[in-house]
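*Asks:* Input: one structure, supplied below.
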Amino acid sequence: MDGGIAAYSFPEMAGVIEGEGELYGSMNLLETGKIRVGVDETLAIHGMLESAGTVEVLGGALRIGNGSDYHHTFHEQSTMLAEQSHLTFQGEIDSRGAIELIESTLHFRSDVFRSLKLVMQDSELESEWVGGSLSNEGTIEILPGTSAIKSELRSSAGELVIHPNAKLEVGASQPSSRQLHDLQSISLANNSEAAFYGSTFIMESLAVELSESNLERPSLVNVASLYVSGSFALEADAIRSIAVGQTYKVIESDRLDGSFNDYTLSELPGALGFLPEVTNTTLSLRVIDTATELPGDFNADGRVDAADYTVWRDGLPGGRFELDHLVWRKNYGRELAGNATSVPEPATLAPMLIALLSVCRLRRATEVG
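Next up, the structure:
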């Protein structure tokens, strides 16, 4: 472009558009088409963009649209890469292709940004409209570094995957009480963290990989309220040393509601095990010695039975939570080794019966005499 200006009426572009300049009109970028913006270059497309091709912004800026009524479409085979760059979209975005942001910002001026595959590393995605939302129907991956999604996050059928040593903030740009985040699945790798500002729902699954950092801080933080359901899976393979009495923080929220329908916990060496502990604001895992303490043994009598249900029903010291009931159900029937009832072996049963009969006969003979 070399800083030039061009006007057109929805052409089909199969070649390469690169450099700095301004384009007026809507465009259909074919699968062989490519938009390339280099270091310190700015390209503005004043119109609607439909793309099955490639968009690369490497050290520059790309502005698309000049009105909120545009609907920009990125088809499944399309790709968009921004590295150390700034992207601005005016209008609604529907992306079925792959978007990768590396040390970049993406601002959208509309009420919704639909994404099927989004990768972020040290990047920021922000809606400039109050109430704007990122709607995820596929996968959002957060790579190592700190990234932010400054909008509502809606994930009707997608998954949020946070890689090791990555941190994500969601909704921090607006007052937390005005935001709603609705997600299906979240996966948090070791030494990662997610912070949500606003009412948050996790409807299908939460998977957490613990590390030593969980002794100090939780993997998931929420400002406002957090509602959980579905399944909870915990892995501890990244922990180098583990001991009885350690407590690993998983969730901290201003208010924690709901409960998981099921959970799976990583197996620990020897007799060590994890005990889920929940309050109105936290979820944590305490390391116990299952040779002396059983999950779900609320009356501490060495066995998990109906009596423990009564204790739970009447209310534990910290309150009555559905997760505690789930712990009881999953461990029902377990008992400590010292509490097991001794059952005589068949080989020793006959002599015991003979001895008992002899005592009875002797007592009867004495009474008759």
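All letters in the sequence shown, in the order written, are residues -3 to 365 by our numbering. All C-beta atoms, glycine included, are put in the ideal place defined by N, C-alpha and C.
1. Out of curiosity, what's the CA-to-CA distance linking R174 and T243?
2. Checking the sheet assignment: what are the DSSP bridge partners for Y223?
3. If we require 3 or more residues per run, which beta strand (DSSP E) segments fall completely within the region 253 to 277?
4. Are L230 and L268 touching if we call contact CB-CB under 8 Å?
5. What are the start and end residues of the beta strand (DSSP E) that includes T135?
6. Buried or exposed, going by whether 16 or more other CB atoms sit within 10 Å of the CB of G11?
7. Got a sec, what are the start and stop residues for the beta strand (DSSP E) Y20 sits in?
8. Going by Cα to Cα distance, which pick from T75, R325 and N335 is closest to R299?
9. Runs of 3 residues minimum, wholly inside the region 85 to 136: which ones carry the beta strand (DSSP E) assignment?
10. Taking the beta carbon of E8 as the centre, do at least 16 other beta carbons fall within 10 Å, making it buried, or is it exposed?
11. Is the region 91 to 103 in contact with the region 58 to 67, if contact means three or more CB pairs nearer than 8 Å?
12. Note down the Cα distance separating E79 from L279, rounded to an integer number of angstroms.
13. When the Cα atoms are used, what is the spatial distance from R325 to A303?
14. For N335, which three-state DSSP category applies?
15. Going by the CB atoms, is the gap between H177 and L384 shorter than 8 Å?
16. Going straight from the alpha carbon of W125 to that of A296, what length do you get?
17. Using the C-alpha atoms, what's the distance from N161 back to T286?
18. Using CA coordinates, which residue listed in P214, S207, A191 and S183 is at the minimum distance from M199?
19. Quick check: the Cα distance between V307 and D250, rounded to an integer number of angstroms?
20. Taking L97 and S111 to be in contact with their CB atoms under 8 Å, please state how far apart those CB atoms are, rounded to whole angstroms.
21. Identify, in the order they occur along the chain, each residue of the same chain with its Cβ nearer than 6 Å to the Cβ of L121, setting aside the five sequence neighbours on each side.
22. Roughly how many whole angstroms lie between the Cα atoms of L202 and A333?
23. List, from N- to C-terminal side, the alpha helix (DSSP H) runs of 4 residues or more that fit wholly inside the region 285 to 341.
24. In whole angstroms, give me the CA-to-CA distance for E367 and S47.
25. Once DSSP output is grouped into helix, strand and coil, what is the label at L211?
26. In angstroms, rounded to a whole number, what distance separates the CA positions of N327 and D258?
*Replies:* Answer, in terms of the structure:
1. For the purposes of this step, residue 174 is taken as residue 178 along the sequence shown, with counting starting at 1. For the purposes of this step, residue 243 is taken as residue 247 along the sequence shown, with counting starting at 1. When only Cα atoms are considered, R174 and T243 end up about 33 Å apart.
2. Mapped onto the sequence shown, residue 223 falls at position 227. F197 and D253.
3. 258 to 261 and 268 to 274
4. By 1-based counting over the sequence shown, the position of residue 230 is 234. By 1-based counting over the sequence shown, the position of residue 268 is 272. No. Outside cutoff.
5. As a position in the sequence shown, residue 135 is number 139, starting the count at 1. Element bounds for T135: S129 to I138.
6. As a first step, residue 11 must be located in the sequence shown, where it is residue number 15. With fewer than 16 Cβ atoms within 10 Å of its Cβ, G11 is classed as exposed.
7. Against the sequence shown, residue 20 aligns to sequence position 24. Unbroken beta strand (DSSP E) run through Y20: G17 to Y20.
8. Counting from one through the sequence shown, the residue named residue 299 turns up at place 303. Of the listed residues, the one whose Cα sits closest to R299 is N335.
9. 88 to 98, 101 to 105, 108 to 117 and 120 to 123
10. In the sequence shown, counting from the first residue as 1, residue 8 sits at position 12. It counts as exposed.
11. no
12. Residue numbering aside, residue 79 sits at position 83 when the sequence shown is read from its first letter. Residue numbering aside, residue 279 sits at position 283 when the sequence shown is read from its first letter. Cα to Cα, the separation comes out at about 37 Å.
13. Counted from its first residue, the sequence shown places residue 325 at position 329. Counted from its first residue, the sequence shown places residue 303 at position 307. Those two C-alpha atoms are separated by around 12 Å.
14. Residue numbering aside, residue 335 sits at position 339 when the sequence shown is read from its first letter. In the structure shown, N335 sits in a helix (DSSP, three-state: H, G or I).
15. The displayed coordinates of the chain run from -3 to 365. Any statement about residue 384 would go beyond what the structure contains.
16. The sequence position of residue 125 within the sequence shown is 129, counting from 1. The sequence position of residue 296 within the sequence shown is 300, counting from 1. Using only the alpha carbons, I get a separation of about 55 Å.
17. Here residue 286 corresponds to residue number 290 of the sequence shown, with the count starting at 1. Here residue 161 corresponds to residue number 165 of the sequence shown, with the count starting at 1. Inter-residue distance for T286 and N161 is about 32 Å (C-alpha atoms, whole angstroms).
18. Taking the first residue of the sequence shown as 1, we reach residue 199 at position 203. Considering only alpha carbons, the answer is S183.
19. The residue given as residue 307 occupies position 311 in the sequence shown. The residue given as residue 250 occupies position 254 in the sequence shown. Spanning the two alpha carbons is a distance of roughly 27 Å.
20. Here residue 97 is taken as the residue at index 101 of the sequence shown, counted from 1. Here residue 111 is taken as the residue at index 115 of the sequence shown, counted from 1. Not a contact, Cβ separation roughly 11 Å.
21. Locating residue 121 in the sequence shown gives position 125, where the first residue counts as 1. Within the same chain, L121 has close Cβ partners L102 and I145.
22. Within the sequence shown, residue 202 is the residue found at index 206, counting from 1. Within the sequence shown, residue 333 is the residue found at index 337, counting from 1. Answer to the nearest angstrom: the Cα atoms are 34 Å apart.
23. 302 to 310 and 318 to 327
24. The chain is shown only over -3 to 365; residue 367 falls outside these bounds and no answer can be derived.
25. What you label residue 211 is simply residue 215 of the sequence shown in a count that begins at 1. The answer is helix: DSSP assigns L211 an H, G or I state.
26. For the purposes of this step, residue 327 is taken as the residue at position 331 of the sequence shown. For the purposes of this step, residue 258 is taken as the residue at position 262 of the sequence shown. Near 12 Å, if we compare the C-alpha coordinates of D258 and N327.
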